[in-house]
Structure formats: structure tokens, C-alpha cells
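One structure is given here, and the rest of the page talks about it.
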Amino acid sequence: MAKYIDPKCRLCRREGVKLYLKGERCFSPKCSIEKKGAQIPGQHGKKRTHGRISGYGTQLREKQKAKRTYGVLEGQFHGYYETAIKSSQNTGEVLMQLLESRLDNIVFRLGFVISRSLARQLVTHGNIKVDGKRVDIASYITKPGQKISIFEKATKFVFVAPNLTEKSVPAKWLSRKGSEGTIDRLPTREEIGSDIKENLIIEYYSR
17 MAKYIDPKCR LCRREGVKLY LKGERCFSPK CSIEKKGAQI PGQHGKKRTH
67 GRISGYGTQL REKQKAKRTY GVLEGQFHGY YETAIKSSQN TGEVLMQLLE
117 SRLDNIVFRL GFVISRSLAR QLVTHGNIKV DGKRVDIASY ITKPGQKISI
167 FEKATKFVFV APNLTEKSVP AKWLSRKGSE GTIDRLPTRE EIGSDIKENL
217 IIEYYSR
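Under our numbering, residues 17 to 223 are what the sequence shown spells out, in order.
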């Protein structure tokens with residue numbers, strides 16, 4: 017499966033906000049937003065920072081921000097939109113619930129690791145079980161009632177072990193005990209707590 021392999025800090029600068037893609041670094045003075053501000057990367061970044069953005073441009077940037085926050089490429093992201101638009105419920109909320117239900121995001125939300133990129137690595141390397149069975153697909157869509165756990169060997173990884181001993185609190189719609197968590201229900205839009213404006217994304221694809 018294709019994935020983004022260029023510097024993640026460039027993505028934050030391009031969107032002008034912190035996307036928290038690099039864990040602890042995002043909370044330190046080393047963060048590129050802290051050091052360079054929200055200047056767009058590249059030779060002509062300063063020139064492109066100023067000026068009025070069109071409605072289409074605003075919608076596009078919101079879509080890109082959501083994609084980059086969850087580590088999803090265009091084809092897959094559009095697939096989530098197609099699923100959401102067919103739902104009888106609020107399209108924007110369903111879209112966000114689909115993104116939140118990805119296995120890599122669940123591992124992150126349970127507090128096993130401190131970033132979605134580390135969660136994706138943990139999943140794709142075959143260190144996560146869903147209902148007792150190994151699942152190594154980061155985009156696997158989980159469902160309420162399923163149990164997510166870490167293989168014993170992975171609990172000793174340096175980027176996992178500290179999170180299992182600390183009293184980290186999972187998202188409200190999840191429950192966790194040690195190295196095992198449960199998806200109690202789907203999250204409400206308020207519980208997702210993202211600054212993503214999903215209505216702009218729906219408008220982008222609906223144009």
C-alpha cells in the first residue's frame with residue numbers, strides 16, 4: 017500500500033497548524049511550527065502565505081488537513097466519503113466516525129502509543145490483535161464491542177512500555193485495562209474533538 021514517506025513536519029507547515037504527527041516532538045520547541053511559524057514550505061513559501069484563499073481552496077485545505085491528520089491517501093479518503101454519503105445519518109459525522117474507527121487510530125486513542133504514525137507502525141508490523149486474532153491492516157475498520165490488544169513481545173517496545181504503566185486515559189468511547197482495550201461505542205462528533213471542519217470536506221466532494 018502506498019504511504020507518505022517525506023518529512024511529516026512539512027505537512028503541518030503546509031496546513032498552517034499542528035497535526036501532531038510526530039508525538040513528543042510536537043509538544044517541544046523542536047516542532048517546526050514553533051521554530052518557523054506557519055510559513056508554507058518551499059522556496060516561495062513566504063509569497064504564498066499572503067493573499068485571499070478562494071472557497072474551493074479553503075475546502076481543499078480542509079480535506080488535505082483531515083487526510084494528513086489520519087494518514088490516509090486520496091483514494092481511500094474518497095472511499096470513506098462515498099460510504100458516508102450513502103448513510104441515512106449526518107454525512108460529516110459518519111465520515112469522522114469512519115476515520116476514528118480505523119485500527120491505527122484506535123491504537124492511538126487507547127493510549128498505547130503517542131502518535132498515529134507509531135500506531136500505524138505497530139499495526140502493520142503485526143503486533144496488534146482484534147478479538148484475539150492478528151490484524152496487520154492499519155485501515156481495518158473496527159466495530160463496537162471488539163477488543164484490541166497488543167502481543168506480549170510488543171508491550172516491551174520502548175515506545176509502548178511507558179504508556180502501559182502510566183495512567184493514560186483513553187477516549188471516552190473506549191475502555192482500557194493494561195494492554196487490552198474495548199470499543200464501547202462509536203464516538204459522537206463532540207467526543208472526537210478535532211478542529212477539522214468536515215462540512216467543508218463534504219462541500220468539496222459535492223461540488
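Just so you know, even glycine gets a beta-carbon here, dropped at the ideal spot from N, CA and C.
Could you please give the first and the last residue of the uninterrupted alpha helix (DSSP H) stretch that includes residue i?
i	result
Glu90	90-101
Val174	No alpha helix (DSSP H) holds Val174; DSSP gives it neither H nor E.
Thr204	Counting along the chain, Thr204 falls outside any alpha helix (DSSP H), and DSSP gives it neither H nor E.
Gly73	71-86
Asn215	214-222
Val139	132-140
Do the CB positions of residue i and residue j come within less than 8 Å of each other?
i	j	result
Lys81	Ile212	yes
Val129	Val176	yes
Arg125	Ala187	yes
Gly142	Asn179	no
Lys145	Ser165	yes
Val139	Asp147	no
Tell me where the beta strand (DSSP E) around residue i begins and ends.
i	result
Gly197	196-199
Val146	144-146
Ser165	163-166
Just how far apart, CA to CA, sit residue i and residue j?
i	j	result
Gly161	Ile69	43 Å
Leu202	Gln113	7 Å
Ser104	Gly197	29 Å
Tyr97	Lys163	26 Å
Thr107	Ile218	8 Å
Ala154	Gly71	33 Å
Leu190	Ser222	32 Å
Arg84	Glu168	30 Å
Asp224	Gln75	The requested residue 224 does not occur in the structure, where the chain is confined to residues 17 to 223.
Ile157	Ser195	20 Å
Tyr220	Val123	29 Å
Phe93	Gln137	19 Å
Arg192	Asp200	10 Å
Glu207	Glu109	11 Å
Ala170	Arg77	36 Å
Lys79	Leu134	22 Å
Asn215	Thr99	15 Å
Gly91	Leu115	14 Å
Arg150	Tyr86	22 Å
Leu111	Phe173	33 Å
Val88	Arg205	19 Å
Based on the DSSP output, what are the partners of residue i in its beta bridges?
i	result
Ser191	Thr198
Lys149	Val146
Arg118	Ile157
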